[in-house]
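**Q** In my numbering, the protein residues as written are 3 to 482. This is the structure I have questions about; it appears just below.
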Amino acid sequence: MNNVYSCRKIEKLLHRDIHYIWLAGYEKPDFITINRFRNRVKKEINEVFTQTVLLLSSKGFISLNVEYIDGTKIESKANKYTFVWRKTVERNRERLMKKIHVLLGQIDDVIAQEKSSESNEEVEFTPAMLTEMAGELRHVLEQVPEPSTKEEKTELKKRRKQLKELEEHRDKLQEYDSHLDTLQERNSYSKTDKDATFMRMKEDAMRNGQTKPGYNLQIGTENQFITDFALFPNPTDTLTMIPFLQSFSNRYDRMAHTVVADSGYGSEENYRFMSENGMEAYVKYNYFHMEQRPRFKPDPFKAENFYYNEEHDFCICPMGQRMRRIGTRHVKTASGYVSENARYRAVRCEGCPLRCRCFKAKGNRTIELNHRLRKYRQKAKEQLCSEEGLKHRGQRCIEPEAVFGQMKNNMNYKRFRHFGKDKVFMDFSFFAIAFNIKKICAKMAKEGMDWLTGLFYELTVAIFRCCEHINRRNPQNIAA
């Protein structure tokens, strides 16, 4: 709560700061003991955070019915030059595969050359296959008698060189496959923190858009208390909303009734998920703010502004020509969600006086409309412009943004101090607990010390019960 996160600094303060001495019960653990404790409760500290939030809910500070969601990118401890890029790995692996085909084409049939013949050029070799081939070639070379002529010595030297190249290619292929296994669905990762993904941070001192390893931290707040948090490898917020809402459900065994978020979360998949789960979604879409400007005028030549007749399923272009439906196109997003886009085409655009302003392609104009997304956006606009929506829109600006401001500027929590997602999650769990306790102090200071003492007593009892439960679970770790 006073911006001290280092175990060594905590150890020093336990010897000279009266507040630390009292909180530690006059115990003076060294930094190794403190660090071992943090590593031992990596999983259980999340349960302590949950119990803390439930205590706040029971005391009326929060209701857990409203969730204000926002995200920020926090830099990892890893160095910014430890990058591994998916495209580079895939390109180098493809080149290596061509070299392997050429090399195996030069090796004779003693190692089953039919595996690498021209008719089977598309074979995807694995490190295990190359190991088997190298073993067969080595076995053949060991049985070759000692060469007596210069030509035989040259041939044997050539075969040994081919064997060495084959083993080098095998090791390199194994390295590339290991990179791809670590990447999974990501486009990059750090060699020293394999869970971190390279992203463009807001803090860009050189203003060159340099990417740095980090995590996308998503938090849910209510009355400026942190009620939920999660870490994601996605630089954008769109793909994080559904798993984040599911994490809230897993933590508290229920979904939030009202969800408020900015335009970074306004996708068809997210709107549909919230609608199917009975949530009131006050979530903006990408051009909502533009529509609210006094001088805003919709562009009549944009497809989404065309008049649409839902009963007979046709559109009307700005010139008044009917556009017939010609089919449906399915679009698959990065998360695997498939959306349907209806396609419409005008009958005759030749000679139209508005053609130069309407489109520049040849033939008749073809447009695509996502009717489901249009309905979701229309519903979101109605809710956001309602009296309740205006209230939530105003509140959202001072909910998660205030938490991020306190976290980064006042509490100097701008970069993670551990390697690995599990340790980073543990570190932020401690921070979230401390942040909520500090917020309690600020809110209860005006109510009197009796309330504050009673609340701290219940909070301390809840935390000690969780710690006792943790100790019963891991007696062997305590003995160690």
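Each residue gets a CB set at the ideal place from its N, CA and C atoms; glycine is no exception.
Starting from His332, follow its DSSP beta bridges and name the residues at the other end.
**A** Here residue 332 refers to the residue found at position 330 when the sequence shown is read from its first residue. Looking at the DSSP assignment, His332 forms a beta bridge with Glu342.
**Q** Does the contact criterion of 3 or more C-beta pairs under 8 Å hold for the segment 407-427 versus the segment 299-314?
**A** Segments in contact, no.
**Q** Assuming Asn2 and Thr330 make a contact with CB atoms under 8 Å, what is their CB distance in whole Å?
**A** What the structure shows of the chain is the stretch from 3 to 482, and residue 2 is not part of that stretch, so it cannot be assessed.
**Q** Which same chain residues end up closer than 7 Å to Met413 when comparing Cβ atoms and leaving out the 5 residues on each side of it in sequence?
**A** The sequence position of residue 413 within the sequence shown is 411, counting from 1. Asn5, listed in sequence order.
**Q** Which residue marks the beginning of the alpha helix (DSSP H) containing Met292, and which one marks its end?
**A** Reading the sequence shown from its first residue, position 290 is the one you call residue 292. Met292 -> alpha helix (DSSP H) spans Phe290 to Glu293.
**Q** Once the 5 residues before and after Glu69 are set aside, which same chain residues still bring their CB inside 6 Å of it?
**A** The residue you call residue 69 lines up with position 67 of the sequence shown. So the qualifying residues of the chain are Gly222, Ala258 and Val261.
**Q** Do Gln212 and Ile71 have their C-beta atoms within less than 8 Å of each other?
**A** Mapped onto the sequence shown, residue 212 falls at position 210. Mapped onto the sequence shown, residue 71 falls at position 69. No, they are not a contact pair.
**Q** With a CB to CB cut of under 7 Å and the five nearest residues on each side skipped, what residues in its chain are close to Ile228?
**A** Numbered from 1 along the sequence shown, position 226 holds the residue referred to as residue 228. Closer than 7 Å at the Cβ level, and outside the excluded window around Ile228, lie Ile221, Val405, Ala434, Phe437 and Asn438.
**Q** Take the Cβ of Ala207 as the centre, count every other Cβ of all protein chains shown within 10 Å, and call the residue buried at 16 or more, exposed below.
**A** On the sequence shown, residue 207 is found 205 positions in, with the first residue counted as 1. Classification of Ala207: exposed, given that the 10 Å Cβ count is below 16.
**Q** Are the CB atoms of Gln164 and Ile109 nearer to each other than 8 Å?
**A** As a first step, residue 164 is located in the sequence shown; it is residue number 162 there, counting from the start. As a first step, residue 109 is located in the sequence shown; it is residue number 107 there, counting from the start. For Gln164 and Ile109, yes; Cβs fall inside 8 Å.
**Q** Given a cut-off of 8 Å on the beta-carbon distance, is the pair Ala232 and Ser78 in contact?
**A** Residue numbering aside, residue 232 sits at position 230 when the sequence shown is read from its first letter. Residue numbering aside, residue 78 sits at position 76 when the sequence shown is read from its first letter. No; because the gap between Cβ atoms is not below 8 Å, this pair is not in contact.
**Q** For Arg417, which residues from the same chain have a beta carbon less than 8 Å from its beta carbon, with the 5 sequence-adjacent residues on both sides left out?
**A** The residue labelled residue 417 in the question sits at position 415 within the sequence shown. Ile76, Glu77, Ser78 and Lys79, listed in sequence order.
**Q** How about Lys82 and Lys214: do their beta carbons lie closer than 8 Å?
**A** By 1-based counting over the sequence shown, the position of residue 82 is 80. By 1-based counting over the sequence shown, the position of residue 214 is 212. Yes.
**Q** Do the segment 279-294 and the segment 381-393 make contact, defined as three or more Cβ pairs closer than 8 Å?
**A** Short answer: they touch.
**Q** Among Val50, Val55, Arg42 and Ile20, whose alpha-carbon lies nearest the alpha-carbon of Gln226?
**A** As a position in the sequence shown, residue 226 is number 224, starting the count at 1. It is Val55 whose Cα lies nearest to the Cα of Gln226.
**Q** On the premise that Ala348 lies in contact with Asn366, defined as a C-beta separation below 8 Å, what is that separation, rounded to the nearest angstrom?
**A** Position 364 of the sequence shown, counting from 1, holds the residue named residue 366. Position 346 of the sequence shown, counting from 1, holds the residue named residue 348. With 8 Å as the limit, Asn366 and Ala348 qualify as a contact, their Cβ atoms being about 5 Å apart.
**Q** Pull up the distance between the alpha-carbon of Gln323 and that of Cys317, whole angstroms please.
**A** Counting from 1 along the sequence shown, the entry for residue 323 is found at position 321. Counting from 1 along the sequence shown, the entry for residue 317 is found at position 315. When rounded, the distance between both Cα atoms is 8 Å.
**Q** For Cys387, which of helix, strand or coil comes out of DSSP?
**A** Taking the first residue of the sequence shown as 1, we reach residue 387 at position 385. Correct three-state label for Cys387: coil.
**Q** How long is the line joining the alpha carbons of Arg253 and Glu49, rounded to whole angstroms?
**A** By one-based count along the sequence shown, residue 253 stands at place 251. By one-based count along the sequence shown, residue 49 stands at place 47. Looking at the two C-alpha atoms, the distance is approximately 9 Å.
**Q** Should Thr35 go down as buried or exposed, given a rule of 16 or more other Cβ atoms within 10 Å for buried?
**A** Looking up residue 35 in the sequence shown gives position 33. Classification for Thr35: exposed.
**Q** By a C-beta neighbour count over all protein chains shown, 10 Å radius and 16 as the cutoff for buried, is Arg398 buried or exposed?
**A** Along the sequence shown, one-based indexing puts residue 398 at 396. Looking at its Cβ environment, which holds 16 or more other Cβ atoms inside 10 Å, Arg398 is buried.
**Q** So what does DSSP say about Arg97, is it helix, strand or coil?
**A** Along the sequence shown, one-based indexing puts residue 97 at 95. Three-state DSSP puts Arg97 in a helix.
**Q** Between Leu175 and Leu106, is the Cβ-Cβ spacing less than 8 Å?
**A** As a working mapping, residue 175 is identified with position 173 in the sequence shown. As a working mapping, residue 106 is identified with position 104 in the sequence shown. Not a contact, by the Cβ cut-off of 8 Å.
**Q** Bridge partners of Leu219, per DSSP?
**A** Mapped onto the sequence shown, residue 219 falls at position 217. Note: Leu219 sits in a beta bridge opposite Thr74 and Leu233.
**Q** DSSP state of Asn279, grouped into three classes?
**A** Locating residue 279 in the sequence shown gives position 277, where the first residue counts as 1. In the structure shown, Asn279 sits in coil (DSSP, three-state: anything other than H, G, I, E or B).
**Q** When burial is assigned at 16 or more other CB atoms within 10 Å of the CB, is Thr151 buried or exposed?
**A** As a working note, residue 151 is residue 149 in the sequence shown. With fewer than 16 Cβ atoms within 10 Å of its Cβ, Thr151 is classed as exposed.
**Q** Please list, in chain order, all residues of the same chain as Ser269 whose beta carbon is under 7 Å from its beta carbon, the five residues on each side excluded.
**A** Looking up residue 269 in the sequence shown gives position 267. Result list for Ser269: Thr240, in chain order.
**Q** Using 8 Å as the cut-off, can you tell me whether the segment 127-135 makes contact with the segment 172-192, which would need three or more C-beta pairs spanning the two stretches below that distance?
**A** Segments in contact, yes.
**Q** Distance, Cα to Cα, Arg419 vs His141?
**A** As a first step, residue 419 must be located in the sequence shown, where it is residue number 417. As a first step, residue 141 must be located in the sequence shown, where it is residue number 139. Distance between the alpha carbons of Arg419 and His141 is about 51 Å.
**Q** If I'm right that Phe33 touches Arg10 with Cβ under 8 Å, what's the distance once you round it to whole angstroms?
**A** Numbered from 1 along the sequence shown, position 31 holds the residue referred to as residue 33. Numbered from 1 along the sequence shown, position 8 holds the residue referred to as residue 10. About 5 Å; that satisfies the 8 Å criterion.
**Q** Among the candidates Ala263, Tyr7 and Tyr339, whose CA atom is the shortest distance from the CA of Arg395?
**A** One-based indexing of the sequence shown puts residue 395 at position 393. Measuring from the Cα of Arg395, the nearest candidate turns out to be Ala263.
**Q** Output the boundary residues of the alpha helix (DSSP H) element that contains Ala444.
**A** Position 442 of the sequence shown, counting from 1, holds the residue named residue 444. Lys423 to Met446 is the span of the alpha helix (DSSP H), which, as asked, contains Ala444.
**Q** Does the distance from the C-beta atom of Ile64 to that of Glu313 stay below 8 Å?
**A** By 1-based counting over the sequence shown, the position of residue 64 is 62. By 1-based counting over the sequence shown, the position of residue 313 is 311. Result no, Cβ atoms of Ile64 and Glu313 do not sit closer than 8 Å.
**Q** If you draw a straight line from the C-alpha of Tyr22 to the C-alpha of Lys423, how long is it?
**A** On the sequence shown, position 20 is the one that residue 22 refers to. On the sequence shown, position 421 is the one that residue 423 refers to. When rounded, the distance between both Cα atoms is 29 Å.
**Q** Just confirm the distance between the C-beta atoms of Leu168 and Ala136, as a whole number of angstroms; I'd bet it's less than 8 Å.
**A** Residue numbering aside, residue 168 sits at position 166 when the sequence shown is read from its first letter. Residue numbering aside, residue 136 sits at position 134 when the sequence shown is read from its first letter. Their Cβ separation, rounded to whole angstroms, is 5 Å, which keeps Leu168 and Ala136 in contact under 8 Å.
**Q** Based on DSSP bridge pairs, tell me the residues matched to Trp87.
**A** Residue mapping note: residue 87 aligns to position 85 of the sequence shown, counting from 1. Note: Trp87 sits in a beta bridge opposite Ser190.
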